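In what follows, a structure is listed as structure tokens, so that the remarks can point back to it.
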Amino acid sequence: MKSAALLLLLLTTLWCPSSAQQCSFQDLVRLGSDALLKSLASAVLEKATLSCTSTSSSGSYANCPSDYSAVSCSCGNACGSWDIQSEKTCHCQCANQDWTSARCCKIGNK
Amino acid sequence: MKSAALLLLLLTTLWCPSSAQQCSFQDLVRLGSDALLKSLASAVLEKATLSCTSTSSSGSYANCPSDYSAVSCSCGNACGSWDIQSEKTCHCQCANQDWTSARCCKIGNK
Amino acid sequence: MKSAALLLLLLTTLWCPSSAQQCSFQDLVRLGSDALLKSLASAVLEKATLSCTSTSSSGSYANCPSDYSAVSCSCGNACGSWDIQSEKTCHCQCANQDWTSARCCKIGNK
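Protein chains in written order, with the working numbering: chain A, 1 to 110; chain B, 1001 to 1110; chain C, 2001 to 2110.
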């Protein structure tokens, strides 16, 4: 920290063709932005993961943890009729529901 | 806008150890790329969210909005047999299906 | 590759107000980081997609491909009771299950 000569941001390296006159600064910036964004997006998204977990409760409702979104529900008694309330709560609709399970996902970092 | 001296991109700052000879330009670039990508991915993915919505229709089919993917289906009459067609359409398979609901998700920006 | 003068990273361009004394180097870096991260996250996440596929097997179990997460299950015989094992395997719980299908998603690159 104390000493140091920092250096610029080189996310990637931009090369000009050998004929330097084809290689204006603005071209470099523009080309760099496009190529950089593409390769950056690819590199970042390789580190992204869909992280899921399940929760289960007795009765007709099950809640996802606060930073997860409910993506599906499973219900006891073979019931396949359900809805998701407030983006985080599974509700199984059949009568006398013995248990309800919520499948919950978020975007995580590998 | 009109005047202005722009400055380079400093996403983060790279510091050399005090002995400058350990700190070649190429090392800086390489070290910077690795650390940068990791922290950048983490920062970008913190802003990512899994955004979901539900749609419902009478009958045996329900469609997701065009920029969403269907991730699950719920069916009337307690039916748990369904399939997803063309990535966006829920199809409940039981006879005399009264309603079909699709759970639809996409990646969003917080 | 062989020749070439590389150039700095310009993800975006930071402009100072015309009065140069309001525009210290550190301000530029800080402002640049905040704005850059926000616009970068938005640009990267626009290229992200939730990519899903379905697999189906006879019997009570169906597996997702190795780089996918199971987000939901569909079961033969109208059964709506299922659970997900080891994040990748759908298990339909009803007796005499004829088929099981897994809905599997991952984060992809458009």
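No residue lacks a Cβ here, since even glycine has one placed at the ideal position from N, Cα and C. Given the structure is predicted, the values throughout are model-derived calculations rather than measurements.
Beta carbon proximity, residue i to chain A, threshold 9 Å
i	result
C1052 of chain B	yes
S1072 of chain B	yes
A1102 of chain B	no
Q2093 of chain C	yes
W2099 of chain C	no
Nearest to residue i (by Cα), restricted to the options the options
i	options	result
K47 of chain A	B:T1089, B:Q1093, B:D1034	B:D1034
Y2061 of chain C	C:L2037, C:T2049, C:L2045, C:S2086	C:S2086
K1110 of chain B	B:L1031, B:T1055, B:A1043, B:C1073	B:A1043
D111 of chain A	A:A78, A:C64, A:N63, A:A41	Missing from the structure shown is residue 111 of chain A; chain A here goes from 1 to 110 and no further.
N1063 of chain B	B:D1083, B:A1095, B:K1088, B:L1037	B:K1088
T1100 of chain B	B:S1081, B:C1094, B:G1059	B:G1059
C-beta atoms of residue i and residue j nearer than 9 Å
i	j	result
C155 of chain A	V2071 of chain C	Absent from the model: residue 155 of chain A. The displayed extent of chain A is 1 to 110, so no value can be given.
C105 of chain A	C1075 of chain B	no
T1049 of chain B	S69 of chain A	yes
L2045 of chain C	I1084 of chain B	no
G1032 of chain B	G2080 of chain C	no
L2040 of chain C	L1040 of chain B	yes
Classification of residue i by the beta-carbon crowding that lies within 10 angstroms, buried from 16 upward
i	result
R1103 of chain B	buried
S66 of chain A	exposed
Q2021 of chain C	Per-residue confidence for Q2021 of chain C stands at a pLDDT of 49, beneath the threshold of 50, marking its modelled position as unreliable; no derived number is given.
A1095 of chain B	exposed
C92 of chain A	buried
Within-9 Å CB hit, residue i to chain C
i	result
K38 of chain A	yes
N1063 of chain B	no
A35 of chain A	no
T164 of chain A	In the structure as shown, chain A starts at 1 and stops at 110, and residue 164 of chain A therefore has no counterpart that could be examined.
G59 of chain A	no
S42 of chain A	yes
Residue i at chain B interface by Cβ criterion, 9 Å
i	result
G111 of chain A	The displayed coordinates of chain A run from 1 to 110. Any statement about residue 111 of chain A would go beyond what the structure contains.
D83 of chain A	yes
C2105 of chain C	yes
Q21 of chain A	Only weak support exists for where Q21 of chain A lies, its pLDDT of 49 falling under 50; the value from the coordinates is given anyway. No, Q21 of chain A lies away from the interface with chain B (no Cβ there is under 9 Å from its Cβ).
S69 of chain A	yes
T12 of chain A	Bear in mind that a pLDDT of 34 at T12 of chain A, under 50, signals an unreliable position, so the number given afterwards is only what the model happens to contain. It does: the Cβ of T12 of chain A has a partner Cβ on chain B nearer than 9 Å.
T2055 of chain C	no
N96 of chain A	no
S2086 of chain C	no
beta-carbon residue i near the ligand COA non-hydrogen atom, thresh 8 Å
i	result
S72 of chain A	With respect to the ligand COA, the structure offers nothing, as it holds no ligand at all.
Partner residues on chain F for residue i, Cβ-Cβ distance less than 8 Å
i	result
L2045 of chain C	Looking for chain F here will not work: the only protein chains present are A, B and C.
*Curious, which full-length beta strand (DSSP E) runs of at least 3 residues does the stretch 2033-2077 of chain C contain?*
2048-2058, 2061-2063, 2069-2075
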